[in-house]
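Residue numbers for the sequence shown follow my numbering, beginning at 13 and rising by one. Virtual Cβ for every residue (Gly too), placed ideally from N, Cα, C. These numbers come from a predicted model, not from an experiment. In what follows, a structure is listed as structure tokens, so that the remarks can point back to it.
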Amino acid sequence: MVASAQFYRQNTVSSERTKLWDPYETLGIFNTDPGYGGITCIGNAPTQGRRCRNPIRADNRSFINAVLSEISFLPPDSPVVLSRLQAIAGPALCVARHQSQAESVMLQWKRNIQQLKRQPEFQEERTRMPPRNNKQDPETVQKQSIHEFRRRMRELEELLATLEQERDDEAEQSRGQVRREERGAQRRRTAEQTHQMNEEMEREAKREEKRRMEKERLEEERLERERLEKDRLERKRQEEERLRKERLEREKREEERLERERKEKEDTNRRKQEQAAHNERIRQRAQKRREDQEREKREAELREQEEFDQAWSKYQSLWTAFRASSSNTTSDEGNIREAIPWPVKSGSHRDVNASNVRDFLQRAVAKEGNNSSSLLRKECQKWHPDRIGRLPRGVKLTDVDRMMIEMICRVVTELLNKSSGRSSEFLG
């Protein structure tokens, strides 16, 4: 009744004023998604790409409806409108997720109001409104005040009548409640008697049920004993059958084990024979490789020894020819270097270095055996710088030639010293 009176009073008051705009449509208060159509959370659900569909509290909805109804009679660009919208921005959002969007919702509402102000029909409505006259005469002001006072008095009278009606309704409800309580007490007494009778009948039924259950229990026990005896005999038969199968299975496994061991033994002997034959083939191949390598090594050593023998014989014959030719001929610098038989395997001055000279002379010493010291003394005399420098007539040795001859002399002297003092080490 109170809600009806308030709704009637609101419609009565609102009928005397004209709505200037529709806040529900302009601000997008209603959720127009399929299946909705009422007021839900005004916030945006970014993960879903749509408006939030969570409900808001009932008291917040009532507050929002009251504010929207109030500001519909005010110009949308009024500071009062913006202040009231600021008050409902938070309640219009669900408490669980979108309270942080109040500022963005307020900005969107301001943009919607700005778009509304630019619409032609709103401009025409503004022009049709009577201009305000700030300077009204006292009589007009007094008439307006009296009219407003009378309007509020009517509202108070209507509210008082509504309250009296509600009070009468509550008194009637109280009298009806007393009668209902008396009828309820009578029903309770009847129900209690019926309940007692039902309890007695239930007790008798329980006793009969107990006797029946005892009879059934005895029968079940007899059947259970028979079943247990039958199960015992069956288990005994199954156990005997199981033991027989296990004995047969053990005998079968034993036969299989013996057969498996016999085959494994045969396989082992066969693998051993195959491995022995394989090892013998590997040994024979390895022995053949060693024999081939030793033969190739001996052949290489023989070839190398033959090459050295030829080089040593050539070296000695060239020195004999060189001494004979150097005593009665002259030669220029380039020919004397080419003409000298150098103590290296190739005999060329291009291969002369300490390592090649030492290797060449050591092989010669090894070949001579006990005459190694005599051979080295001859080589030392042969390559003495003072002596070899006097061999060619009319030709002087260059510094390079002298350096090579001095190096050869040092190598020969070193070998001679080793041969005289530690011949066994030298020959080894």
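Subject >> Stretch pair the segment 423-434 + the segment 372-387: three plus CB contacts closer than 8 Å >> reply: yes
Subject >> Same chain, Cβ closer than 6 Å to Gly55, neighbours up to 5 away in sequence not counted >> reply: Cys64, Leu105, His110, Gln113
Original post:
Where Gly50 and Phe85 are concerned, what is the direct C-alpha to C-alpha distance, given to the nearest angstrom?
Top reply: 22 Å
Subject >> Segment contact flag, the segment 281-293 with the segment 318-335, C-beta cutoff 8 Å, min 3 pairs >> reply: no
Original post:
Do the CB positions of Thr38 and Asn124 come within less than 8 Å of each other?
Top reply: Yes. Within cutoff.
Original post:
Over what stretch of residues does the alpha helix (DSSP H) that includes Thr38 continue unbroken?
Top reply: 35-39
**OP:** Please report how far the alpha carbon of Phe75 lies from the alpha carbon of Pro88, in whole angstroms.
**Re:** 19 Å
Original post:
When the Cβ atoms of the segment 410-430 are set against those of the segment 365-375, are three or more pairs found closer than 8 Å?
Top reply: yes
**OP:** May I have the straight-line CA-CA distance separating Ser386 from Gln305, to the nearest angstrom?
**Re:** Rounded to the nearest angstrom, the gap between the Cα atoms of Ser386 and Gln305 is 37 Å.
**OP:** Please work out which residues of its chain come closer than 6 Å, Cβ to Cβ, to Arg370, disregarding the five sequence neighbours upstream and downstream, and give them in chain order.
**Re:** Val423
Original post:
Which residue or residues does DSSP assign as beta-bridge partners of Phe75?
Top reply: DSSP output for Phe75 lists no bridge partner at all.
**OP:** Return the CA-CA distance between Arg162 and Glu169, expressed in angstroms with no decimal places.
**Re:** 10 Å
Original post:
What did DSSP end up calling Phe42 once you bin it into helix, strand or coil?
Top reply: strand
Subject >> Three-state secondary structure assigned by DSSP to Ala104 >> reply: Correct three-state label for Ala104: coil.
Original post:
Nearest-angstrom Cα distance between Arg195 and Asp71?
Top reply: 39 Å
Original post:
By Cβ distance below 7 Å, which residues in the same chain neighbour Pro91 in space, the five residues on each side in sequence not counted?
Top reply: In its own chain, leaving out the 5 sequence neighbours on each side, no residue places its CB closer than 7 Å to the CB of Pro91.
Original post:
For Asn56, which beta-bridge partners are listed by DSSP?
Top reply: Arg63
Original post:
Quick one: what does DSSP say Asn146 is sitting in, helix, strand or coil?
Top reply: Because Asn146 sits at a pLDDT of 47, beneath the cut-off of 50, its placement in the model cannot be relied upon, and the following sentence gives the value as read from the coordinates. Of the three classes helix, strand and coil, the one that applies to Asn146 here is coil, per DSSP.
Original post:
Given Val79, which residues of its chain have a CB within under 6 Å of its CB, disregarding the five upstream and five downstream residues?
Top reply: Arg96, Ile100
**OP:** Return the CA-CA distance between Gln126 and Met165, expressed in angstroms with no decimal places.
**Re:** 39 Å
Subject >> First through last residue of the alpha helix (DSSP H) which encompasses Trp395 >> reply: That residue, Trp395, is in no alpha helix (DSSP H); it is neither H nor E in DSSP.
Original post:
Is the beta carbon of Asp413 sitting closer than 8 Å to the one on Arg310?
Top reply: Asp413 places its beta carbon 8 Å or farther from that of Arg310.
Original post:
Which two residues bound the contiguous alpha helix (DSSP H) that contains Gln131?
Top reply: Per DSSP, Gln131 belongs to no alpha helix (DSSP H) and is neither H nor E.
**OP:** Could you check what DSSP says for Ile352 in three-state terms: helix, strand or coil?
**Re:** coil
Original post:
Looking at the structure shown, is Ile294 part of a helix, part of a strand, or coil, going by DSSP?
Top reply: helix
**OP:** From the DSSP output, in three-state form, read off Ile68 for me.
**Re:** coil
Subject >> Spatial neighbours of Lys31 in its chain, beta-carbon cut-off 8 Å, leaving aside the 5 residues before and after >> reply: Once the five neighbours on either side are set aside, the close Cβ partners of Lys31 are Ser84, Phe85.
Original post:
Based on the DSSP secondary-structure assignment, which residues constitute the bridge partners of Ile51?
Top reply: Bridge pairing for Ile51: Phe42 [DSSP].
Original post:
Just how far apart, CA to CA, sit Val107 and Ile41?
Top reply: 17 Å
Original post:
Quick one: Cα of Glu216 to Cα of Lys242, how far?
Top reply: 39 Å
Original post:
Looking at C-alpha atoms only, which residue of Met419, Ser384, Leu388, Asn383 is the closest neighbour of Pro397?
Top reply: Cα-wise, what sits closest to Pro397 is Met419.
Original post:
Roughly how many angstroms separate the alpha carbons of Gln285 and Asp279, rounded to a whole number?
Top reply: 10 Å
Original post:
Measuring CB to CB, does Gly359 end up less than 8 Å from Leu330?
Top reply: Leu330 sits close to Gly359, with the two beta carbons spaced by under 8 Å.
Subject >> Proximity below 8 Å, CB of Pro353 to CB of Phe334 >> reply: yes
Subject >> Cα-Cα separation between Glu211 and Gln205, rounded to whole angstroms >> reply: 10 Å
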